[in-house]
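Trainee: Residue numbers (my numbering): 3 to 403.
1) Got a sec, what are the start and stop residues for the alpha helix (DSSP H) residue 92 sits in?
2) Looking at C-alpha atoms only, which residue of 194, 387, 129 is the closest neighbour of residue 7?
3) Among 322, 174, 236, 270, which residue has its Cα nearest to the Cα of residue 90?
4) Helix, strand or coil for residue 4 per DSSP?
5) With 16 as the cutoff for other CB atoms within 10 Å, does residue 135 come out buried or exposed?
6) Could you tell me the distance, in whole angstroms, from the CA atom of residue 34 to the CA atom of residue 226?
7) Near residue 228, which residues of its chain fall below 7 Å by C-beta distance, leaving aside the five closest residues on each side in sequence?
8) Within 10 angstroms of the Cβ of residue 306, are there 16 or more other Cβ atoms? Answer buried if so, exposed if not.
9) Confirm, please, whether the CB-CB distance from residue 303 to residue 283 is below 7 Å.
10) In three-state DSSP terms, what is residue 115?
11) Under three-state DSSP, which class holds residue 369?
12) How far does the beta strand (DSSP E) with residue 161 in it extend, from its first residue to its last?
13) By the DSSP assignment, the alpha helix (DSSP H) with residue 173 in it spans what residues?
14) Over what stretch of residues does the alpha helix (DSSP H) that includes residue 273 continue unbroken?
15) Given that a residue counts as buried once 16 or more other Cβ atoms are within 10 Å of its Cβ, and exposed if not, what is residue 260?
16) On the three-state DSSP scale, how would you describe residue 30?
17) Express the C-alpha separation of residue 178 and residue 170 in angstroms, rounding to a whole number.
18) For residue 273, count neighbouring C-beta atoms within 10 Å of its own C-beta (all shown protein chains included) and say buried if the count is 16 or more, exposed if not.
19) According to the neighbour-count rule (16 or more other Cβ atoms, all chains shown, within 10 Å of its Cβ), is residue 180 buried or exposed?
20) Which residue wins for smallest C-alpha separation from residue 270, given the options 330, 113, 358, 37?
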């Protein structure tokens, strides 16, 4: 996102835009590893040449269809009154549309107050950030960046598009208008919008002193999987209230899972007679998640299963085969939840070689090579965490040796 904040930050730091944003990108990928989030196949950058080319192509097509125009200030805007479906996602009354937030920042010299910028003409505040285009030197608007990258990688139509509730308007509304304005096809079939994160029942902000990064939380002694559990246990459309009391509850919940797995493995290895307890709720867990990602219901099934099997083991009623069936079910569940504690083990020689090469790359500040080797390790089932004591390599949850 080439926006005013990053441009201003780069100018104040007297570095290029890419050098200014690089530490944030690197931190983002490190946080993914800490939270055990699977990497996407692509992480497009809006300023990559092929995406800039696509943006210019899309804007040209919108102008050709009279859905966009170049104003006197040389910026290019989308005509919302020419696109009949504008406002359908956010259920807007266009007559009541008023300039606020991002809309105001795109104001300039527009035909209509609701028109949004597709291409912003260069000015002195942009410094050396700008690209040549048929409309003069400038930079893309933040909406067209996403449409260009999405349609380049995923095609004209997308099955699922995610984002925060604050992205519904104007960002996602603009994405729909400009994408469908170019292709004539429905842009997205399903929208998934997550609610805001609260901290101690308040909006997280530095001014309130309740602003935490992931590193702040792990520095207090909490693990990445404890944070992961705290974040995933609430439905995505419900506001999540982060508290350190909640982090303690997450720790206790994971301890219950760990102790349950230890008992199941002991029972599985013991050859103990008894009776199977089940059947395991494979279909129930899956169908519950199929219901709009009902994670609360799915976790309810997990902990009810833990209670049921613990009672059976207390009464010596769970046999070896029953324990193995439950462990197999857990393997399937953990492929989704990724909550099992990673086990410390000797690194295979080829993994150790990759890890050493990555360590050398980091010492040389070769971040591109470091990220390539991290992806290679991740693809082989190993999780990499960078700490003050160096990198830590562990087998990723849900991956068998």
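We put the beta carbon where it would ideally sit given N, CA and C, even for glycine. Just so you know, these numbers come straight off a predicted model, no measurement behind them.
Mentor: In short:
1) Here residue 92 belongs to no alpha helix (DSSP H), and DSSP marks it neither H nor E.
2) 129
3) 174
4) coil
5) buried
6) 10 Å
7) 249, 252, 253, 256
8) exposed
9) yes
10) coil
11) helix
12) 160-166
13) Segment: none, residue 173 is in no alpha helix (DSSP H) and carries neither H nor E.
14) That residue, residue 273, is in no alpha helix (DSSP H); it is neither H nor E in DSSP.
15) exposed
16) helix
17) 10 Å
18) exposed
19) buried
20) 330
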